[in-house]
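Asks:
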Amino acid sequence: MKTENKTLNIAGKKTQLTILGEGPPLLYLHSAGGETEPIAFHKKLAEKYTVYLPAHPGFALSEGLDQIQDIHDLAWHYVDLLGELNLENVPVVSYSLGAWTAAEVKLIRPDLIGPLVMIAAAGLHVDGAPMEELFIDNFDKLRELLFFDSKSQQSIDHFPSDINDPRILMWLRAREATARVGWNPYLHDPKLASHLHRLSGPVQVIWGRHDKLIPLAHGEYYAKHLPNAKLTVLEECGHMVPYEKMDEAAEIALEFIASA
């Protein structure tokens, strides 16, 4: 599969960008887990699209975290990045922190984002369904929080096991960058819920029924309050949808974008 790695200068911020596949453009906005290197889910999307996979400031080799104080700064970063790439009305597949970011970008520049797939999105406070604590150091507890089956091969392959794991440095960088936009208030924008009615474009919401980090009630809230949204719930799936249900989630995303 055709793969290209670039470093862009986005308003003074060094930004890592990976481009996969060939075809119409598609933007992927990653989660707090920092899936900034191509994974099987990205490659599935890239069978039909040219997938643009940027790393948020502070993730992987992207810099400029000192210029990001909250989710709105991150959203404006992506306004600038889409301008640099000369992309408008681009389909977006987004996951967790990335899905929250995508919603904020679409609020301030509706013309930049076309059909939007939001997977296990952060961004809301839902009464009676609080998000669990992501910023903990116990890897076993984190694995149980994130995966439907914490002993599955996916959890072993895609999550650090202890501080000696070679992936730990990137994971710690990802956590620091996530804390910058999601520490206080915790992983949500208090104003976002009141603006959801403005997001009039087509949205496909995808959620794991057994998501212990961001409960399904958040997905139901998004689907109910977005004007043109559909919710698909995946069984025997936790928060790690692109890993635990790679084929199914990719197929739903691709079919939605093709028909939107």
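Here the sequence shown stands for residues 511 to 770, where the numbers follow the numbering used here.
Even glycine gets a Cβ: it sits at the ideal position worked out from N, Cα and C.
Quick caveat: nothing in here was measured; it's all calculated off a predicted structure.
(1) Measure how close the beta-carbons of Thr-513 and Thr-528 come, nearest whole angstrom, since I'm counting them as under 8 Å.
(2) Compute the Euclidean distance between the alpha carbons of Ser-704 and Thr-742, then round it to the nearest angstrom.
(3) Could you check the C-alpha separation between Leu-706 and Pro-548 for me, to the nearest Å?
(4) Figure out for me which residue from Pro-737, Asp-580, Tyr-732, Lys-755 has the closest Cα to the Cα of His-635.
(5) State buried or exposed for Met-774, treating a residue as buried only when at least 16 other CB atoms are found within 10 Å of its CB.
(6) Smallest Cα separation from Arg-683: which of Pro-700, Pro-564, Leu-575, Lys-523?
(7) Can you list, in chain order, the stretches of the alpha helix (DSSP H) that have 4 or more residues and sit fully within the region 581-606?
(8) Assuming Ala-613 contacts Leu-709 (C-beta within less than 8 Å), just tell me the rounded distance between them.
(9) Got a sec, what are the start and stop residues for the alpha helix (DSSP H) Glu-754 sits in?
(10) Expressed to the nearest angstrom, what Euclidean distance is found between the alpha-carbon atoms of Leu-620 and Tyr-538?
(11) Hey, how far is the Cα of Leu-604 from the Cα of His-566?
(12) For Pro-564, count neighbouring C-beta atoms within 10 Å of its own C-beta (all shown protein chains included) and say buried if the count is 16 or more, exposed if not.
(13) For Pro-625, tell me which candidate among Val-602, Ala-632, Phe-645 has the shortest Cα-Cα distance.
(14) Tell me the residue span of the beta strand (DSSP E) that contains Gln-475.
(15) Which residue from Arg-677, Gly-531, Pro-534, Ala-542 puts its Cα closest to that of Ile-724?
(16) For the beta strand (DSSP E) containing Val-715, name the first residue and the last one.
(17) Any chance the region 671-680 sits against the region 583-594, with 3 or more Cβ pairs inside 8 Å?
(18) DSSP state of Ile-549, grouped into three classes?
(19) Pick from Leu-656, Leu-622, Leu-744: whose alpha carbon is nearest that of Glu-598?
(20) Can you tell which of Ile-716, Arg-685, Gly-568, Phe-645 has its C-alpha closest to the C-alpha of Ala-630?
(21) Which residues mark the beginning and the end of the alpha helix (DSSP H) in which Ile-678 is found?
(22) Using 8 Å for Cβ pairs, my map puts Lys-554 next to Asp-757. What's the rounded Cβ distance?
(23) Under the rule that 16 or more other beta-carbon atoms within 10 Å means buried, what is Gly-533, buried or exposed?
(24) Can you tell me which of the three DSSP states Leu-626 falls into?
(25) Judging by CA-CA distance, which residue of Glu-557, Glu-643, His-582 is the nearest neighbour of Leu-655?
(26) For Glu-777, which option in Val-627, Lys-524, Ile-581 has the closest C-alpha, if you only look at C-alpha atoms?
Replies: Reading from the atomic positions:
(1) 7 Å
(2) 23 Å
(3) 31 Å
(4) Tyr-732
(5) Nothing about residue 774 can be read from this structure; the chain reaches only from 511 to 770.
(6) Leu-575
(7) 581-594
(8) 6 Å
(9) 751-754
(10) Just to set this straight, residue 620 is Pro in the shown sequence, not Leu. Going from the Cα of Pro-620 to the Cα of Tyr-538 covers about 17 Å.
(11) According to the sequence displayed, residue 604 carries Ser and not Leu. Computed Cα separation, rounded: 12 Å.
(12) buried
(13) Val-602
(14) Since the first residue of the chain shown is 511 and the last is 770, residue 475 is not available in this structure.
(15) Ala-542
(16) 713-718
(17) no
(18) coil
(19) Leu-622
(20) Ile-716
(21) 678-692
(22) 7 Å
(23) exposed
(24) strand
(25) Glu-643
(26) What is shown of the chain runs 511 to 770, which leaves residue 777 out entirely.
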